[in-house]
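Colleague: Sharing a structure, written as structure tokens. Questions coming.
Protein chains in written order, with the numbering used here: chain A, 4 to 193; chain B, 4 to 193.
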């Protein structure tokens, strides 16, 4: 998606190693006009698939998922929680997800009430790197007996193996920007 | 706001004490059609105010803020982070916020790059109870020299003192549903 690639080139920047920062428009400050274009593009890519619900994970996935829902007839958005809280039900589907940016394992959870057998679920997230979060979200859907109708990713680090792991499990993955390499701040897209 | 009150009456439920659960439509599963109506209503209530940016806090505020931005010419949304991460800048405005639902104090942070002196900021959050989160968000804006143009809340627990604390500081607070009392599951609105 050309607009997104330009945004990444112009407004993204690099920290040490392979961490790309896009917090001016995606995961801290959010460019809502851009998110509308991402939502339209997800609809174009999953146009042939029936979607009953969008599943994402707090926090950065929520904005993308909410705006994307506008292009899927306002289907409900469900976001998995990373932390337990006194106001979360005890009756949850759980999955373990290791986060490299936070350097810890989170148990992600959704209330069993909100994922149902037979529902067609579109999984949306901001980044795909090693695929841990996406695999955790797929596991939550599968525990419920829901169908993972597709996985929509904003930015894929294609030099890591997340996509491969998901495709091997049979999932359809659509990433709006696929990064082949990052070298000294020079970014190459696939 | 009548639609929201009906939603709370029909789909909200109570846990022990004064915790109202609205996780079927607001802070776990999200009803996007409802959020559109909330966004329109925030625009109606802050129609006379110039807004440059919406400031909220992860995670439940993000969906409401993102959809609300659609009605304010797609102004950027900035969400304060509750946890430190290796990919967050070290140059942040910070505020301490005690969460009753999680029973712990979080340091909330925003990158200084994304809040500027003179910006007119609309603060959006899902709940207002004792006002700690909203006061923390106001503090972040004030540290930056930004103007808090208003505070928009989805559900206010008016039997707690959050609104009073904010109004005493001179802020304009608009809450779309104001709960006067909760007694044995019977909810009374103001």
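Just so you know, even glycine gets a beta-carbon here, dropped at the ideal spot from N, CA and C.
Please list the terminal residues of the continuous alpha helix (DSSP H) segment that includes residue 67 of chain A.
Modeller: Looking at the DSSP string, the run of the alpha helix (DSSP H) that includes residue 67 of chain A is 63 to 72.
Colleague: Cutting at 7 Å between CB atoms, please list the residues of its own chain near residue 69 of chain B, excluding the five before and the five after it.
Modeller: Excluding residues within five positions, the ones whose Cβ falls inside 7 Å are 80.
Colleague: Enumerate in chain order the residues of its own chain whose CB-to-CB distance from residue 135 of chain A is below 7 Å, with the five nearest sequence positions on each side excluded.
Modeller: Within the same chain, residue 135 of chain A has close Cβ partners 100 and 101.
Colleague: Output the distance between the C-alpha atoms of residue 85 of chain B and residue 110 of chain B, rounded to the nearest integer angstrom.
Modeller: When rounded, the distance between both Cα atoms is 6 Å.
Colleague: Determine the extent of the beta strand (DSSP E) in which residue 100 of chain A is found, giving its start and end residues.
Modeller: Note, residue 100 of chain A: beta strand (DSSP E), 95 to 102.
Colleague: By how many angstroms is the C-alpha of residue 185 of chain B removed from the C-alpha of residue 11 of chain A?
Modeller: Approximately 48 Å, taken between the alpha carbons.
Colleague: Taking the CB atoms as reference points, tell me whether residue 139 of chain B and residue 120 of chain B lie closer together than 8 Å.
Modeller: Their beta carbons are not under 8 Å apart, which means residue 139 of chain B does not touch residue 120 of chain B by this criterion.
Colleague: Between residue 154 of chain B and residue 169 of chain B, how many whole angstroms is the CB-CB distance? I'm expecting something under 8 Å.
Modeller: At roughly 6 Å, the Cβ-Cβ gap stays under 8 Å, so residue 154 of chain B and residue 169 of chain B are in contact.
Colleague: Spatial neighbours of residue 175 of chain A within its chain, please: CB distance less than 6 Å, with the 5 preceding and 5 following residues excluded, ordered by chain position.
Modeller: Closer than 6 Å at Cβ, skipping near neighbours: 153.
Colleague: Span of the beta strand (DSSP E) holding residue 180 of chain A?
Modeller: Per DSSP, residue 180 of chain A belongs to the beta strand (DSSP E) from 176 to 186.
Colleague: With a threshold of 8 Å between beta-carbons, can residue 114 of chain B be considered close to chain A, or not?
Modeller: At least one chain A Cβ lies under 8 Å of residue 114 of chain B.
Colleague: Would you mind telling me which residues of chain A sit closer than 8 Å to residue 38 of chain B, beta carbon to beta carbon, in chain order?
Modeller: Simply 69.
Colleague: Whole angstroms is fine: what's the gap from residue 22 of chain B's alpha carbon to residue 15 of chain B's?
Modeller: So the two alpha carbons sit approximately 10 Å from each other.
Colleague: List the residues of chain A whose Cβ lies closer than 7 Å to the Cβ of residue 159 of chain B, in chain order.
Modeller: Under the 7 Å cutoff, chain A gives no residues; its nearest Cβ is about 17 Å from residue 159 of chain B.
Colleague: What's the call for residue 52 of chain A, buried or exposed, on a 16-neighbour Cβ count within 10 Å?
Modeller: Looking at its Cβ environment, which holds fewer than 16 other Cβ atoms inside 10 Å, residue 52 of chain A is exposed.
Colleague: Measure from the C-beta of residue 151 of chain A to each C-beta in chain B and report whether the shortest distance is under 8 Å.
Modeller: For residue 151 of chain A, the answer is no, since every Cβ of chain B falls outside 8 Å of its Cβ.
Colleague: Which residues in chain B have a C-beta closer than 7 Å to the C-beta of residue 61 of chain A? List them in chain order.
Modeller: Under the 7 Å cutoff, chain B gives 61 and 62.
Colleague: Does residue 10 of chain A come out as helix, strand or coil in the three-state DSSP assignment?
Modeller: Reduced to three states, the DSSP call for residue 10 of chain A is helix.
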